[in-house]
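The sequence shown runs 12 to 524 under the working numbering.
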Amino acid sequence: MQWQVPINQKTKSPSFRFHPNQPNIPPPPPPPPPNNTAWFSISFLSSTPSEKTMTVVSIFKLALFFTLTSTLVTISLQQEQPLLLNSAEQDSVYQVLSSINSATNWRTLFPDDLCSYPPHGVVCDYFTDPTTKNVTVHVTELSFGYVSDFTPNPSCSPNSTFSPLLFTSFKHLRKLFFYQCFTQTQAFVPDIPTTFGSSLEELVFINNRAFVGPLSSITGNFTSLRRLVLSGNGIHGAIPNAIGDLANIEEITLSRNKLSGKVSVNLSKLKKLKILDLSGNGFHGNVPSSVGNLTHLLKLDLSSNGFSGKIPESLSNLQALDFLDLSFNRFGNFGVPLFLAAMTRLKEVHLSGNLLGGEIPEIWGNLGGILGIGFSNMGLVGEIPASMGLHLRNLCYLGLDNNKLNGKVPEEFGFLEFVNEINLENNNLSGRLPFSANFTAKFGEKLRLKGNPELCVDEKLSHRESVGELKKCSKPEIPNPVLFIGVSHSGLLSSSSSFLVLLLFWGLWILLA
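Written out as structure tokens, the structure is:
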């Protein structure tokens, strides 16, 4: 069987035909493809306009695909190769970690870059040079001392020391936090270079009783400081005037230290201050009137000091205040400040331990939001105003113990549905306790009434632990019909049926008289 390849006379091209009686000869191979460039040129030139447009679009799509792919690969490589903390700063972090706990081999535990794989409490951030546009990474937060499982900062050993590198090696530090780190070995406040602190926003030392030094050595050049929290440490001395220049400060907490002297610093510039806590120190003298200029203040705690004189009237300007504690000072016998009536956002007010004297004023009409009142051991006299029970409907705690109050316990206290602690111990209260069994049941041991010899309780309440020390009233209680109208939910009405019976007998007595 053979193949014959006759020539087509019209096209002059070979025409293959199969002859079964001839030898089987395969067709000749097709001609080799032309050069790619030449083929593309010939094909493109010979294409129609619409085919040319489609070809250009295809080429553009292909170029766009390669560009996007290249970009994604570049980004991926950058993510795989993050910026690293420079070796000097990394070494400083290791040294600081060793100073707070030398028993831990921090270099072995965290061998990699400390910004990419840091211990909890070490935080970094990126910074761009405004001139060169170079991006670098630096440590911005250092927190030490285990707080909880939610805040597992590196734990401190009893012999922790304060590394001076903290104030020299971290130019971009924003937060420095120590919790229960310096508890045995005394750690002194180091000298802070004037070049450090322009970026520091939070300086927090809590319960480091062996951390000692004057407060003036700590404040430094902290122009950006927002929070200064030094609580439960060994800081001593007076408050430096530099505190009054911290224009961005929002919280100053210096509680439970060994600070002393008069507070003479001018606080008028601290327009952003929201928390001022100087409690538990040895301050004395008058409270500066400039405190009244802190119109954004939410919390003012000056308790447990030696402040004296009169509570300044300027505090009435603190219209945003919700927590006021001036307890356990030496304020004079000027009575309970009447300006409290204008501080309508108050939630808690504590004046205990100051012999202010006088009666409890009628100032409660606009103070319905108060949750707690501490007026213990103040030399108060007179009766307890019934208006306290009418207006303070959100009250949870009331402390009027260790005064010279007399008269009856207001029946209106029965309206205080949220109250869970009342302390009226050691006064001169008298008469029948007006509380129902349901009302007293919710207090447990937090209804304190002992030390009032003339105060008595009905037989049905005498078994209650909280009133067990009171004597029993000799005459049965006759209900006041006016008091019970519409207020049975407050617990003042113990039994509606007994009330109806008494009302029936009262009506019969009038008819027969």
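Cβ atoms here follow ideal geometry from the backbone N, Cα and C, with glycine treated the same way. Please read these numbers as outputs of a predicted model, since none were measured by experiment.
Selected residue, minimal CA-CA separation from residue i, among the options
| i | options | result |
| --- | --- | --- |
| Phe222 | Gly245, Phe233 and Gly231 | Gly245 |
| His183 | Leu416, Tyr190, Thr151 and Cys167 | Thr151 |
| His149 | Asn344, Leu94 and Gly293 | Leu94 |
| Leu239 | Leu265, Asn116, Lys483 and Asp256 | Leu265 |
| Gly364 | Met354, Ser387, Gly376 and Val347 | Ser387 |
| Gly379 | Val360, Gly390, Leu440 and Glu370 | Val360 |
| Gly369 | Glu422, Gly383, Leu349 and Val200 | Leu349 |
| Leu391 | Gly343, Lys283 and Leu382 | Gly343 |
| Ser235 | Lys273, Leu281, Arg220 and Gln197 | Leu281 |
| Ser327 | Leu335, Leu351, Asn316 and Gly393 | Leu351 |
| Pro527 | Cys484, Asn439 and Gly455 | No statement about residue 527 is possible, as the shown extent of the chain runs from 12 to 524 and does not include it. |
| Pro396 | Asn414, Cys407, Trp375 and Gly385 | Trp375 |
| Asn112 | Ala452, Phe121, Pro169 and Thr143 | Pro169 |
| Gly272 | Gly303, His307 and Ser319 | Ser319 |
| Cys167 | Ala353, Tyr408 and Phe189 | Phe189 |
| Leu3 | Asn431, Leu284, Asn297 and Gly231 | Residue 3 lies beyond the stretch modelled for the chain, which goes from 12 to 524, so this question has no answer here. |
| Ser447 | Asp469, Lys321, Asn431 and Glu432 | Asp469 |
| Lys415 | Glu423, Gly393, Lys144 and Thr206 | Gly393 |
| Ser300 | Ser314, Gly156, Met354 and Val274 | Val274 |
| Phe233 | Ser325, Phe207, Phe155 and Asn252 | Phe207 |
Residues bridged to residue i (per DSSP)
| i | result |
| --- | --- |
| Gly383 | Glu359 and Tyr408 |
| Thr119 | In the DSSP output, where bridge partners are listed per residue, Thr119 has none listed. |
| Lys269 | His247 |
| Ile286 | Glu262 and Lys310 |
| Glu213 | Lys186 and Arg238 |
| Leu440 | Gly418 |
| His295 | Lys273 and Gly317 |
| Ser227 | None; Ser227 has no bridge partner. |
| Asp136 | His149 |
| Leu177 | Answer by DSSP bridge pairing: none, since Leu177 is not bridged. |
| Lys483 | Val468 |
| Phe155 | Phe189 |
| Gly393 | Leu416 |
| Gln434 | Looking at the sequence shown, residue 434 is not Gln but Asn. According to DSSP, which records beta bridges pairwise, Asn434 is partnered with Gly410 and Arg459. |
| Glu373 | None, per the DSSP bridge assignment. |
Assigned exposure category for residue i - 16 Cβ within 10 Å defines buried
| i | result |
| --- | --- |
| Gln330 | exposed |
| Gly291 | buried |
| Ala258 | exposed |
| Asn377 | exposed |
| Asn340 | buried |
| Asp312 | buried |
| Asp412 | buried |
| Leu73 | exposed |
| Phe429 | exposed |
| Asp123 | exposed |
| Ile496 | Residue confidence for Ile496 is low, a pLDDT of 37 falling below 50, so the modelled location carries little weight; the figure read from the coordinates is stated next. Exposed, by the Cβ-count rule. |
| Leu75 | exposed |
| Glu456 | exposed |
| Ser159 | exposed |
Sub-8 Å separation of residue i and residue j beta-carbons
| i | j | result |
| --- | --- | --- |
| Leu427 | Arg459 | no |
| Ile263 | Ile229 | no |
| Ser436 | Gly462 | The question names Ser, but residue 436 is Glu in the sequence shown. It is a contact, given that the beta carbons lie within the stated cut-off. |
| Leu289 | Leu226 | no |
| Ile250 | Val276 | yes |
| Ala198 | Thr172 | yes |
| Pro3 | Met399 | Nothing about residue 3 can be read from this structure; the chain reaches only from 12 to 524. |
| Leu382 | Arg356 | no |
| Asn439 | Gly410 | no |
| Val441 | Glu480 | This sequence places Ser at residue 441; Val is not what is there. Their beta carbons are not under 8 Å apart, which means Ser441 does not touch Glu480 by this criterion. |
| Leu177 | Leu211 | no |
| Asn268 | Phe294 | no |
| Gly425 | Phe454 | no |
| Leu125 | Leu96 | yes |
| Val347 | Pro323 | no |
| Cys467 | Arg443 | yes |
| Ile254 | Gly231 | no |
| Pro175 | Pro141 | no |
| Gly385 | Leu367 | no |
| Val302 | Leu335 | no |
| Phe345 | Lys321 | yes |
| Arg220 | Gly248 | no |
| Leu401 | Glu423 | yes |
Check: residue i C-beta below 7 Å from any heavy atom of the ligand MN
| i | result |
| --- | --- |
| Asn259 | Among the components modelled here there is no ligand, and therefore nothing to report on the ligand MN. |
Spell out a yes or no on whether the region 105 to 113 and the region 134 to 145 are touching, meaning 3 or more CB-CB pairs, one atom from each, closer than 8 Å.
no
Do the region 216 to 233 and the region 185 to 202 touch if we need at least three Cβ pairs shorter than 8 Å?
yes
Are at least three pairs of beta-carbons, each pair with one atom in the region 118 to 133 and one in the region 152 to 168, less than 8 Å apart?
yes
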